[in-house]
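So the structure is just underneath, and the comments pick up after that.
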Amino acid sequence: MAEEPTDGLAERLARVQGEIADAARAAGRDPEELTTIVVTKFHPTSLVRELHALGVRDVGENRHQDAEPKAAELDDLGLRWHFVGQLQSKKARAVRRYAFAVHSIDRESVVRGLASEEGPALPVFVQVDLTGDPGRGGVALDDVEPLVEHVAAAPGLELLGLMTVAPLGADPRRAFASVREAGERIRRIAPDARSLSMGMSGDFREAIAEGATHLRIGTAITGNRPQPG
Ligand SMILES: *Cc1c(COP(=O)(O)O)cnc(C)c1O
Numbered sequence: 000m001a002e003e004p005t006d007g008l009a010e011r012l013a014r015v016q017g018e019i020a021d022a023a024r025a026a027g028r029d030p031e032e033l034t035t036i037v038v039t040k041f042h043p044t045s046l047v048r049e050l051h052a053l054g055v056r057d058v059g060e061n062r063h064q065d066a067e068p069k070a071a072e073l074d075d076l077g078l079r080w081h082f083v084g085q086l087q088s089k090k091a092r093a094v095r096r097y098a099f100a101v102h103s104i105d106r107e108s109v110v111r112g113l114a115s116e117e118g119p120a121l122p123v124f125v126q127v128d129l130t131g132d133p134g135r136g137g138v139a140l141d142d143v144e145p146l147v148e149h150v151a152a153a154p155g156l157e158l159l160g161l162m163t164v165a166p167l168g169a170d171p172r173r174a175f176a177s178v179r180e181a182g183e184r185i186r187r188i189a190p191d192a193r194s195l196s197m198g199m200s201g202d203f204r205e206a207i208a209e210g211a212t213h214l215r216i217g218t219a220i221t222g223n224r225p226q227p228g
């Protein structure tokens, strides 16, 4: 089945990659230390194939019911699937089968669901919520350390660090700074947890300035998302 190439995809990808490199250098950082994850949620597998042909290897999805069939259909590409959405503990084991990393640990039950005595360790992030809205996913800043202790004690999980989404209407730079500081505090518990998954289409420059290591960028690269199915 021939699919139409997505208008402007290569140009948008190149532009965003250039902007990321500029923001890194402006912050005195090496662009090579940044991982850019292209969030492909709601987009068809044809777009993910196009991204792969353009050199993208890290992709992100936020719903298990979408991510699982996409990862299966694109198994031949060897992509790294990053799970970035809210995770139900009863789906955790299934996510573990295809996910390269899970960015959205926010509860002890999810830690238990993802933990495993077998196979290589799964890289994970603890998600921090800065909105105070329990529906958004993430743990409040004050509750980060107890959750990190659970992750550090769980078999089969490798804690990379913290993840966040900047709250709408707030200054993203300040939001990211608060998560960077929390990231420094958790090193007492998990000395190797040095990564920060933060920065999306509208705020990746601020995230890079505050030490982000993993950017999760959707629309700035993919264009507008189709409506969720
Ligand atoms: C959709 C999504 C993104 C990407 O958002 P854009 O604004 O399209 O860049 C990043 N992180 C999470 C958790 C998301 O759900």
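All letters in the sequence shown, in the order written, are residues 0 to 228 by numbering that gives the first Met the number 0.
Beta carbons: idealized from backbone N, C-alpha and C, even for Gly.
As the structure is a prediction and not an experimental result, all values here were calculated from the model.
Candidates the options, of which the one nearest residue i by Cα
i	options	result
D65	P30, H51, K40, E49	K40
V37	V143, A23, Q16, G27	Q16
T163	R184, L140, H149	L140
A120	G155, H149, A98	G155
S108	A100, A98, V125	V125
A70	T221, L159, L12, V47	V47
V194	D202, R179, H51	Correcting the residue type first, residue 194 is Ser in the shown sequence and not Val. Measuring from the Cα of S194, the nearest candidate turns out to be R179.
E157	P43, A176, I188	I188
L73	G182, L161, L50, P225	L50
G217	D57, A192, S177	D57
V101	V83, N223, R28	V83
R106	F99, E144, P30	E144
Q85	G27, A9, D128	D128
The alpha helix (DSSP H) enclosing residue i, as first and last residue numbers
i	result
H63	63-72
E205	203-208
R111	107-113
Element boundaries [beta strand (DSSP E), containing residue i]
i	result
D21	Where D21 is concerned, there is no enclosing beta strand (DSSP E), although the alpha helix (DSSP H) it sits in stretches over 8-25.
E32	No beta strand (DSSP E) holds E32; DSSP gives it neither H nor E.
A100	98-104
G160	156-163
H213	213-216
P171	First-last for P171: 171-185, but that is the alpha helix (DSSP H), not the beta strand (DSSP E).
P122	121-128
V47	Note, V47: premise wrong, no beta strand (DSSP E); alpha helix (DSSP H) at 44-52.
L195	194-196
V239	Because the chain is modelled from 0 through 228, residue 239 falls outside the range shown and cannot be assessed.
R135	That residue, R135, is in no beta strand (DSSP E); it is neither H nor E in DSSP.
Buried versus exposed call for residue i [16 or more other C-beta atoms within 10 Å across all chains shown]
i	result
G136	buried
R92	exposed
G54	exposed
K89	exposed
P227	exposed
P4	exposed
E209	buried
P133	exposed
T35	buried
E32	exposed
G7	exposed
P122	buried
R95	buried
E183	exposed
8 Å Cβ cutoff, residue i in contact with chain C
i	result
S103	This model lacks chain C altogether; it includes just one protein chain.
Beta carbon nearer than 5 Å to a non-hydrogen atom of ligand 1: V38, N61, V83, M199, S200, R215, I216, G217, T218
Does the segment 168-177 come into contact with the segment 212-221, if we say contact requires no fewer than three beta-carbon pairs (one atom in each stretch) closer than 8 Å? no
Does the segment 48-67 touch the segment 19-26, meaning 3 or more C-beta pairs lie closer than 8 Å? no
Three or more C-beta pairs below 8 Å linking the segment 110-118 and the segment 68-82: A contact is defined here as three or more CB-CB pairs under 8 Å, and the segment 110-118 fails this definition with respect to the segment 68-82.
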